[in-house]
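Novice: Mind having a look at this structure? Questions to follow.
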Amino acid sequence: MTALLNMDQLLDQLESGLREQMTRRGIESPTLIGIRTGGVWIADALKKRLGLTEPFGELDISFYRDDFSRIGLNPRVKPSHLPFETEGRDIVLVDDVIMSGRTIRAAMNEIFDYGRPASIILATLIDLGNRELPIQPDVVAQVLTLKETQRVKLRGPDPLHIEMRETE
């Protein structure tokens, strides 16, 4: 595995794009929700960079996946933790990598089970394309096109870095 991209630069781009989206939409105090695990690490970094004081939420979307019956339960599943009301809130949903869109669909289903937010901004560190669902990030730090034998993985939380791996 090799380090792929500069994490500080990626977080700078994500922060800048997120600030632009929030300004355009008139959002002053968003609530951050990270999708476990990588999205939680990034949400933590964004919370600090944006100077937000409210705790961020953590989603484990395992039970909301549309392939749950096929793949079964991961033994590391933990309950989601949203220490705030979602009803009427402006939410920034954060994930590390978006590809098919299925993880984001599952995350939004879970968020709506807690209450109906006023809006959701989707922020992802890496966009790999290959959508199976019509879900697009509002803010993305880096778009990558990988060969079929390549995979990216966010590692962390300290230090937070992205690795690329060749599969056989």
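For reference, each letter of the sequence shown is one residue, going 361 to 528 in this note's numbering.
From the three backbone atoms N, C-alpha and C, an ideal C-beta is built for every residue, glycine too.
This one's a predicted model, so the numbers in the text were calculated from it and none came from an experiment.
Between the stretch 499-511 and the stretch 459-476, do at least 3 Cβ pairs fall closer than 8 Å?
Specialist: The stretch 499-511 vs the stretch 459-476: no contact.
Novice: Can you check whether the C-beta of Gly398 is within less than 8 Å of a C-beta belonging to chain D?
Specialist: No chain D appears in this structure, which consists of one protein chain only.
Novice: Quick check: the stretch 478-490 against the stretch 410-423, are at least 3 beta-carbon pairs closer than 8 Å?
Specialist: Not touching, per the Cβ criterion.
Novice: Can you say whether Asp487 is buried or exposed, counting buried as having 16 or more other CB atoms within 10 angstroms of its CB?
Specialist: Counting Cβ neighbours within 10 Å, Asp487 comes out buried, since at least 16 surround it.
Novice: Apart from the five residues just before and just after Leu365, which ones in its own chain have a Cβ nearer than 7 Å to its Cβ?
Specialist: Answer for Leu365: Gln502 and Ile522, listed in chain order.
Novice: Which residue or residues does DSSP assign as beta-bridge partners of Arg525?
Specialist: According to DSSP, which records beta bridges pairwise, Arg525 is partnered with Arg511.
Novice: Please report how far the alpha carbon of Ser389 lies from the alpha carbon of Val499, in whole angstroms.
Specialist: Approximately 17 Å, taken between the alpha carbons.
Novice: Looking at the structure shown, is Glu447 part of a helix, part of a strand, or coil, going by DSSP?
Specialist: Three-state result, Glu447: coil.
Novice: Hey, out of Gly411, Gly394, Lys408 and Arg525, whose CA is closest to Lys507's CA?
Specialist: Taking only the C-alpha atoms, the option nearest Lys507 is Arg525.
Novice: Could you check what DSSP says for Ser429 in three-state terms: helix, strand or coil?
Specialist: Unreliable positioning characterises Ser429 in this predicted model, as indicated by a pLDDT of 48, which lies under 50. The coordinate reading is nonetheless provided below. Three-state DSSP puts Ser429 in a helix.
Novice: Do Leu514 and Leu493 come within 8 Å of each other at the CB atom, strictly closer than that value?
Specialist: No, the pair does not count as a contact, with Cβ atoms beyond the cut-off.
Novice: For the alpha helix (DSSP H) that contains Ile471, what are its first and last residues?
Specialist: Element bounds for Ile471: Arg462 to Tyr474.
Novice: Got a sec, what are the start and stop residues for the alpha helix (DSSP H) Ser376 sits in?
Specialist: First-last of the alpha helix (DSSP H) with Ser376: Met367 to Arg385.
Novice: DSSP beta-bridge partners for Glu418?
Specialist: Bridge partners of Glu418: Gly394 and His441.
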